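Engineer: Note that our numbering numbers the sequence shown so that position 65 is 100, with each residue one more than the last. Cβ atoms here follow ideal geometry from the backbone N, Cα and C, with glycine treated the same way. A quick note: this is a predicted structure, and the numbers were derived from the prediction, not measured. I have a structure here, written as structure tokens, and I will follow up with some questions on it.
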Amino acid sequence: MARHGVRRLVAVSAGGVGESLDRCSWAVRRMVATANLGVAYRDLAAMEATLAASDLDWCVVRPVTLVDGEPTGRARPVERYGLFSVVRRADVAAFMLAAAESPSLGSRAVMVGSG
Numbered sequence: 036m037a038r039h040g041v042r043r044l045v046a047v048s049a050g051g052v053g054e055s056l057d058r059c060s061w062a063v064r065r066m067v068a069t070a071n072l073g074v075a076y077r078d079l080a081a082m083e084a085t086l087a088a089s090d091l092d093w094c095v096v097r098p099v100t101l102v103d104g105e106p107t108g109r110a111r112p113v114e115r116y117g118l119f120s121v122v123r124r125a126d127v128a129a130f131m132l133a134a135a136e137s138p139s140l141g142s143r144a145v146m147v148g149s150g
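Following this line, the structure appears as structure tokens:
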């Protein structure tokens with residue numbers, strides 16, 4: 036990355052990865068524990084750890100449940116991930132583009148929902 040002048044990286048992960056699992060409802064935690072999401076979540080956690088250990092300015096976006104639809108502009112950081120929490124894919128994409136252009140989120144992971 037340094038060789039190509041990349042200074043900021045925005046990556047997508049998932050709500051419930053890492054410490055964000057503690058901010059999920061019991062139903063979401065149960066789904067993560069019993070569905071075959073474990074392998075994917077371990078891979079995402081490894082990716083997040085690699086970024087955290089790097090010299091890059093980074094932001095990891097952890098969307099809650101993704102749904103289709105036209106963009107609404109409502110994607111924002113959220114503290115909780117409940118069973119009915121959703122965010123539109125188009126809104127996550129717009130949030131990620133904004134995060135790439137603005138270092139205001141700093142080097143951290145942020146859970147993103149629509150309200």
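#1: Please tell me whether P98 and V63 are closer than 9 Å, where the distance is taken between their beta carbons.
#2: Buried or exposed: which applies to G73, given that a residue is buried once 16 or more other Cβ atoms fall within 10 Å of its Cβ?
#3: Within a Cβ cutoff of 6 Å, which residues of the same chain sit near V95, ignoring the five residues on either side of it in sequence?
#4: Is DSSP giving R42 helix, strand or coil here?
#5: Taking the alpha carbon of L118 as the reference point, which residue from L101, S60, G104 and A70 has its own alpha carbon closest?
#6: Select from E54, G104 and D92 the residue whose C-alpha is nearest the C-alpha of M146.
Structural biologist: Quick answer:
#1: Not closer than 9 Å, so no.
#2: Under this definition G73 is an exposed residue.
#3: Here V95 has A46, S48, E83 and A144 as same chain residues with Cβ atoms under 6 Å from its own Cβ, once five neighbours each way along the sequence are excluded.
#4: coil
#5: S60
#6: Taking the Cα of M146 as reference, the smallest distance to any Cα among E54, G104 and D92 is reached at E54.
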